[in-house]
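Okay, structure first, notes after.
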Amino acid sequence: MNCPVCGSEYYEILKSKGKHSKELLLKCEECGNIYREVIIREKPVDVRIIISEFESSKKEFIKLYPDEELEVDDILDIGGREVAINSIENKRGGRVGKSVVSDIVTIWASSMDIPARVGISVDFGGRILSNKVDVDRDFEFHVGDVVKLGNLLFKINSIKTIERKVRKGFAKASVAKRVYGKPLERGERHNYDLSSKIVQKIQKEE
Ligand SMILES: [Zn+2]
75 MNCPVCGSEY
85 YEILKSKGKH
95 SKELLLKCEE
105 CGNIYREVII
115 REKPVDVRII
125 ISEFESSKKE
135 FIKLYPDEEL
145 EVDDILDIGG
155 REVAINSIEN
165 KRGGRVGKSV
175 VSDIVTIWAS
185 SMDIPARVGI
195 SVDFGGRILS
205 NKVDVDRDFE
215 FHVGDVVKLG
225 NLLFKINSIK
235 TIERKVRKGF
245 AKASVAKRVY
255 GKPLERGERH
265 NYDLSSKIVQ
275 KIQKEE
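Listed below in structure tokens is the structure:
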């Protein structure tokens with residue numbers, strides 16, 4: 075962009091509006107002339123996106139601008155539904171933390187509209203009681219938490235997440251796959267009650 079008066083390419087942006095085509099109000103740094111420029115972005119392209127919801131996932135396409143940069147944890151809108159980017163696969167064949175749209179092969183995302191489903195396993199000396207709960211994606215499980223679940227009371231001793239096993243600290247429900255606990259005597263005070271969040275009935279696994 076050059077100043078129409080003096081031809082200088084140095085300018086200050088006074089105003090910028092529009093998302094996909096930008097209307098700029100510029101001030102020339104050489105002569106002070108104020109002028110407008112419109113930048114038209116390239117047409118949006120279809121990008122493959124795999125959205126996971128609970129145990130299943132589905133493939134869709136989303137229209138994005140080729141020069142747009144996406145990053146893990148960005149929120150995308152798919153027909154009114156919000157999804158969060160978990161991972162991006164680009165043309166060099168690997169998973170990357172961020173990429174411009176034109177280099178993206180697949181976006182891996184999970185739905186924000188639905189709660190996170192987390193497994194719970196409580197170990198009664200080798201006999202495991204398993205459960206699943208649906209909790210808010212932001213819900214935090216902390217190692218050491220005392221949890222009430224139906225008529226079961228247990229203490230969290232570890233959490234398996236997508237990437238690692240947490241033995242100290244906490245994990246958000248959005249990344250927690252399974253919470254492991256040890257049973258406690260009834261009567262102890264609990265930090266929270268997940269009874270209303272149970273998805274399936276307690277079942278025995280030998
Ligand atoms: Zn100028």
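Numbering (the numbering used here), first residue to last: 75 to 280. Here a beta-carbon is modelled for each residue, glycine too, at the ideal position from N, C-alpha and C. Since the model is a prediction, treat every value here as computed from it, not as a measurement.
Would you identify the three-state DSSP class for residue i, choosing helix, strand or coil?
{"i": "Val79", "result": "coil"}
{"i": "Ile276", "result": "At Ile276, the pLDDT of 46 sits below 50, so the modelled position is not reliable and the matter cannot be decided from this model."}
{"i": "Asp147", "result": "coil"}
{"i": "Ser270", "result": "helix"}
{"i": "Val249", "result": "coil"}
{"i": "Pro257", "result": "strand"}
{"i": "Gly153", "result": "coil"}
{"i": "Phe215", "result": "strand"}
{"i": "Leu226", "result": "strand"}
{"i": "Lys117", "result": "coil"}
{"i": "Arg191", "result": "strand"}
{"i": "Glu163", "result": "strand"}
Candidates the options: which alpha carbon is nearest residue i's?
{"i": "Lys165", "options": "Ser176, Glu156, Asp210", "result": "Ser176"}
{"i": "Asn265", "options": "Arg169, Lys229, Ile125, Ser173", "result": "Lys229"}
{"i": "His216", "options": "Val273, Leu226, Ala250", "result": "Ala250"}
{"i": "Leu99", "options": "Pro118, Cys77, Glu116", "result": "Cys77"}
{"i": "Gly154", "options": "Met186, Pro257, Ser161, Asp147", "result": "Met186"}
{"i": "Gly255", "options": "Leu227, Gly243, Ile272, Ala245", "result": "Leu227"}
{"i": "Asp219", "options": "Arg263, Asn205, Ile162, Asp141", "result": "Arg263"}
{"i": "Lys91", "options": "Val112, Gly81, Ser82", "result": "Val112"}
{"i": "Ile236", "options": "Lys242, Gly224, Arg252, Phe244", "result": "Arg252"}
{"i": "Leu144", "options": "Ser161, Lys117, Asn225, Asp120", "result": "Ser161"}
{"i": "Pro189", "options": "Val179, Lys137, Lys271", "result": "Lys271"}
{"i": "Gly106", "options": "Gly81, Arg122, Glu127, Pro118", "result": "Gly81"}
Just to confirm the assignment, what range does the beta strand (DSSP E) spanning residue i have?
{"i": "Asn265", "result": "Here Asn265 belongs to no beta strand (DSSP E), and DSSP marks it neither H nor E."}
{"i": "Tyr85", "result": "85 to 91"}
{"i": "Tyr109", "result": "108 to 114"}
{"i": "Ser176", "result": "Ser176 -> no beta strand (DSSP E), and no H or E assigned at all."}
{"i": "Ile236", "result": "Here Ile236 belongs to no beta strand (DSSP E), and DSSP marks it neither H nor E."}
{"i": "Cys102", "result": "95 to 102"}
{"i": "Asp208", "result": "201 to 209"}
{"i": "Val132", "result": "Sequence inspection shows Lys at residue 132; the Val mentioned does not correspond to that position. Taken as a continuous stretch (DSSP letters only), the beta strand (DSSP E) holding Lys132 covers 130 to 138."}
Is it right to say residue i is buried, meaning 16 or more other beta carbons lie within 10 angstroms of its own, or is it exposed?
{"i": "Phe285", "result": "Since the displayed the chain opens at 75 and closes at 280, residue 285 lies outside it and no answer follows."}
{"i": "Ile125", "result": "buried"}
{"i": "Val273", "result": "exposed"}
{"i": "Ile178", "result": "buried"}
{"i": "Leu88", "result": "exposed"}
{"i": "Glu259", "result": "exposed"}
Could you compute how far the alpha carbon of residue i sits from the alpha carbon of residue j?
{"i": "Lys234", "j": "Ala247", "result": "10 Å"}
{"i": "Tyr84", "j": "Lys96", "result": "18 Å"}
{"i": "Arg191", "j": "Asp151", "result": "22 Å"}
{"i": "Glu280", "j": "Asp197", "result": "Because the pLDDT of Glu280 is 44, which lies under 50, any placement of that residue in the model is unreliable, and the question is left without a value."}
{"i": "Arg211", "j": "Arg110", "result": "45 Å"}
{"i": "Gln277", "j": "Ile194", "result": "Reliability fails at Gln277, whose pLDDT of 48 lies under 50, so the model's placement of it is uncertain and the value that follows must be treated cautiously. C-alpha separation (whole angstroms): 11 Å."}
{"i": "Ser184", "j": "Glu129", "result": "11 Å"}
{"i": "Asn56", "j": "Leu203", "result": "Since the displayed the chain opens at 75 and closes at 280, residue 56 lies outside it and no answer follows."}
{"i": "Ser269", "j": "Phe213", "result": "15 Å"}
{"i": "Asp267", "j": "Lys132", "result": "32 Å"}
{"i": "Lys137", "j": "Ile181", "result": "12 Å"}
Taking 8 Å as the CB-CB cut-off, is residue i touching chain D?
{"i": "Tyr139", "result": "Reference to chain D is not applicable here, since this structure consists of a single protein chain."}
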